[in-house]
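Residues 15 to 83 in the working numbering are what the sequence shown spells out, letter by letter.
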Amino acid sequence: MEKIVLREEFIKLGQALKAAGLVDNGVEAKYAIQDGLVKVNGEVDTRRGRKLYEGDEVSFQGQTVKICR
């Protein structure tokens with residue numbers, strides 16, 4: 015499982031997908047999220063600006079990323 019270490023209090027969902035290398039750019043992240051292909055803590059979330067905090071997990075295309083401090 016990939017991990018993203020927070021530099022601040024939270025990271026937005028679109029930024030997390032890019033930081034983890036699950037998408038190449040923001041446009042790709044936008045469409046993946048908009049199309050309901052991304053899950054946060056096991057549930058589909060279509061908000062690109064969704065704030066992720068320590069302990070959250072993001073899943074996309076069979077890969078999971080955990081948000082850590």
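In this text, a Cβ means the ideal position worked out from N, Cα and C, and glycines have one as well.
{"Check": "Counted within 10 angstroms of its Cβ, other Cβ atoms place L51 as buried (16 or more) or exposed", "Outcome": "exposed"}
{"Check": "Rounded C-alpha distance that separates L31 from I25", "Outcome": "10 Å"}
{"Check": "R21 to R83 span [Cα, whole Å]", "Outcome": "8 Å"}
{"Check": "Cβ neighbour criterion (16 or more within 10 Å) applied to G28", "Outcome": "buried"}
{"Check": "Buried versus exposed, by CB contacts within 10 Å (16 or more), D70", "Outcome": "buried"}
{"Check": "4 or more residues per run - each alpha helix (DSSP H) lying fully within the region 33-72", "Outcome": "40-48"}
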